[in-house]
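J.: Once you've had a glance at the structure underneath, I'll fire off some questions.
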Amino acid sequence: MDHAHHDHSHHMMGHGDMDHGDHGMPGMDGPAKCSMNMLFTWDWRNVCVVFRQWQITSPLSLVFTLLGVVAITAGYEALREGIRRYEASANKRLETVPRDGSIDDEVEPVAETTPFFLRPGQNKDEVTRRAHLIKSVLYGIQNFYAFMIMLIFMTYNGWIMVAVSVGAGIGFLLFGGRTTAAKETACH
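According to our numbering, the sequence shown is numbered sequentially starting from 6.
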């Protein structure tokens, strides 16, 4: 009997929609996927911090991540203090530059502590423009740094959020002695 004309499609097995998994065999699992939470959580497993390569996969990597976040956030406070000191130094030196004249070697000798933007032959407008350019670059760096910390915080992971706050506190303790504790904005 010839069965060629019968419909055998119900006998054919399609594999496209089957999950073959790893069948419980060791070494067959791929890399763990990043866990992205949009709600607060204390679960640290497979959390990726900003980059896929910065993934928390073990308690030890959690500890190193938390220490790194504390250091990064404290570093931000160090950067802010460095910028404040630069601005104070630049403003103090700008007061000594004559408005219409130029910096004179006889009156204001160039010392090792003289900022590079205050050199002989420059008038106050030139010095002010150059100082403002440097402050603008520093402001951009500070904002980039602040937004990266914001992205770290936005993992919505409680451990990481606490590490950001602890790092900010340690940074302020170490570097914020000349400023008030009040913050103008939440992220920068």
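Each residue gets a CB set at the ideal place from its N, CA and C atoms; glycine is no exception.
What whole-angstrom Cβ distance do Trp59 and Trp164 have, given they're in contact under 8 Å?
T.: That belief does not hold up - the Cβ atoms of Trp59 and Trp164 are roughly 14 Å apart, past 8 Å.
J.: With DSSP run on the structure shown, which of helix, strand or coil describes Ala187?
T.: Correct three-state label for Ala187: coil.
J.: So, with DSSP's three-state summary, where would you put Thr46?
T.: Reduced to three states, the DSSP call for Thr46 is strand.
J.: What is the C-beta distance between Trp49 and Asn162, in whole angstroms, given that I count them as a contact (C-beta under 8 Å)?
T.: That pair is a contact at about 6 Å.
J.: Using only CA atoms, which one of Glu92, Ile154, Ile157 and Pro103 lies nearest to His137?
T.: For His137, the nearest C-alpha among the options comes from Glu92.
J.: So, under 8 Å CB-CB, Tyr81 and Ile154 are touching, yes? Tell me the CB distance rounded to an integer number of Å.
T.: About 6 Å; that satisfies the 8 Å criterion.
J.: Classify Arg134: buried if its beta carbon has 16 or more other beta carbons within 10 angstroms, exposed otherwise.
T.: Exposed, because fewer than 16 other Cβ atoms sit within 10 Å of the Cβ of Arg134.
J.: Evaluate Leu71 with the Cβ neighbour count: other Cβ atoms within 10 Å of its Cβ, from every protein chain shown; 16 or more gives buried, anything less gives exposed.
T.: The residue in question, Leu71, is buried, as its Cβ has 16 or more Cβ neighbours within 10 Å.
J.: Return the residue from the list Leu65, Ser63, Val55 and Leu179 that minimises the CA-CA distance to Leu84.
T.: Residue Leu179 is the option with its Cα nearest to Leu84.
J.: Could you give the DSSP three-state label for Gln60: helix, strand or coil?
T.: Strand.
J.: Applying the criterion that 16 or more other CB atoms from any shown protein chain within 10 Å of the CB defines a buried residue, is Val142 buried or exposed?
T.: The residue in question, Val142, is exposed, as its Cβ has fewer than 16 Cβ neighbours within 10 Å.
J.: Provide the residue(s) that pair with Asn148 in DSSP beta bridges, ordered along the chain.
T.: Note: Asn148 sits in no beta bridge, so no partner.
J.: Does the separation of the CB atoms of Ser40 and Val52 fall below 7 Å?
T.: It is a contact, given that the beta carbons lie within the stated cut-off.
J.: By the DSSP assignment, the alpha helix (DSSP H) with Gly163 in it spans what residues?
T.: Gly163 to Phe180 is the extent of the alpha helix (DSSP H) around Gly163.
J.: Does DSSP classify Val52 as helix, strand or coil?
T.: In the structure shown, Val52 sits in a strand (DSSP, three-state: E or B).
J.: Indicate whether Val68 and Ala168 have their beta-carbon atoms separated by less than 7 Å.
T.: Against a cut-off of 7 Å, the Cβ pair of Ala168 and Val68 comes out as no contact.
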